[in-house]
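Going from the sequence shown to this note's numbering is simple: count from 1 and add 657.
All C-beta atoms in this analysis are idealised placements derived from N, C-alpha and C, irrespective of residue type, glycine included.
The structure appears below as structure tokens.
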Amino acid sequence: MPRETPTRRPIAAAARVRRSYFECRYGQLHVHNSIPPGGGFEEATPLLCLHDWPGSGRVFAPFLALAGADRSAYAPDLPGFGESDPPAPRPAIADYAGAIGDFLDSMHLRHVDLLGQRAGALIATELAVTRPAQIGRVVMASAPLLTEAERQAGGRGAAPAAGAEATLRPPDWQRWATQAAAQYPLHERLARLTQRLLVLRPRDELWEATGRVCEALPGARLLELEVPGAELFASCAARVADAVREFLRG
Numbered sequence: 658m659p660r661e662t663p664t665r666r667p668i669a670a671a672a673r674v675r676r677s678y679f680e681c682r683y684g685q686l687h688v689h690n691s692i693p694p695g696g697g698f699e700e701a702t703p704l705l706c707l708h709d710w711p712g713s714g715r716v717f718a719p720f721l722a723l724a725g726a727d728r729s730a731y732a733p734d735l736p737g738f739g740e741s742d743p744p745a746p747r748p749a750i751a752d753y754a755g756a757i758g759d760f761l762d763s764m765h766l767r768h769v770d771l772l773g774q775r776a777g778a779l780i781a782t783e784l785a786v787t788r789p790a791q792i793g794r795v796v797m798a799s800a801p802l803l804t805e806a807e808r809q810a811g812g813r814g815a816a817p818a819a820g821a822e823a824t825l826r827p828p829d830w831q832r833w834a835t836q837a838a839a840q841y842p843l844h845e846r847l848a849r850l851t852q853r854l855l856v857l858r859p860r861d862e863l864w865e866a867t868g869r870v871c872e873a874l875p876g877a878r879l880l881e882l883e884v885p886g887a888e889l890f891a892s893c894a895a896r897v898a899d900a901v902r903e904f905l906r907g
């Protein structure tokens, strides 16, 4: 009987999703994580998932349970979101990436693959560019590669209505996050990306922007999905997990 190899080994049952806290430069980072049922001693390269904002790593919970069948998978709440402590005033995307880098260092992860959705794709790009020896492969979902006009329009944001209750306004760090995303030069940073890239293109308002990533990087692999972006890691989690696993193993 031929021996099983990592790429031929049957996929185990779904993993249990747990939560933990880790230290980063801004305080505590809340992380959703899953570990292979067998303990992960022969697991594939760990996968780090980065959410959009506003939101939290919880959005990946159904996906983590499947992705964690053969590798450790992590989905932190980005600083200022979910149950993670907020960042210092007016952070840039590089600062969010630095906080996630603190987590990677605390876990002593020599190699890790990345998955980023929307704003999370910006942080994934920055991590891949600044940590090329540590970051293996990258997956982007609904990547906001906007034109300059789109960036300017989106970066201004709407002013709060006169007399609006303070409790209805987003916290400062959520506004800072939106500004950081609008100011990030994704096109220029993509030009420095050396890792293999999979682009997930669901049917959402970033359909055109996501397609531009493959125009900028012709070697990227593209997977178009006829589902809303909001459902990508929920009702479509199994299909996405299979596609991501195939890409990361290939």
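When the beta-carbon positions are compared, Arg794 and Arg853 come within less than 9 Å of each other. In the DSSP annotation of this structure, Ala672 is not part of any beta strand (DSSP E), being labelled neither H nor E. Sequence-distant Cβ neighbours of Arg675 in its own chain, meaning closer than 6 Å and more than five residues away, are Asn690. Close CB contacts of Thr787 within its chain, under the 7 Å cut and outside five residues either way in sequence, are with Ala754 (chain order).
Here DSSP, grouped into helix, strand and coil, assigns Leu879 to strand. For Ala839, the three-state secondary structure derived from DSSP is helix. In the structure shown, Gly758 adopts helical secondary structure according to DSSP, grouped into three states. Counted as a single uninterrupted DSSP element, the alpha helix (DSSP H) harbouring Pro719 occupies residues 718–724. When DSSP states are grouped into helix, strand and coil, His844 belongs to the helix group. For Ala866, the three-state secondary structure derived from DSSP is helix. Check the Cα spacing between Ala866 and each of Asp770, Leu705, Met797, Ala701: the tightest is with Met797. Spatial neighbours of Pro693 in its own chain (CB-CB distance under 8 Å, excluding positions within 5 residues in sequence) are listed in chain order as Ala669, Ala672, Glu700, Gly725, Ala726, Asp727, Arg728, Ser729. When C-alpha distances from Leu843 are compared across Leu735, Leu784, His765, the shortest belongs to Leu784. Trp830 is positioned such that its CB atom lies no closer than 9 Å to that of Gly714. The straight-line gap separating the alpha-carbon atoms of Leu723 and Arg896 is approximately 10 Å.
Distance from the Cα of Leu857 is smallest, within the candidate group Arg849, Gln685, Arg878, Thr851, for Arg878.
Annotated three-state conformation of Leu784 is helix, per DSSP.
In the structure shown, Cys893 adopts coil according to DSSP, grouped into three states.
For Tyr731, the CB contacts under 6 Å within the same chain, skipping 5 residues up- and downstream, are Val688, Asn690, Leu705 in chain order.
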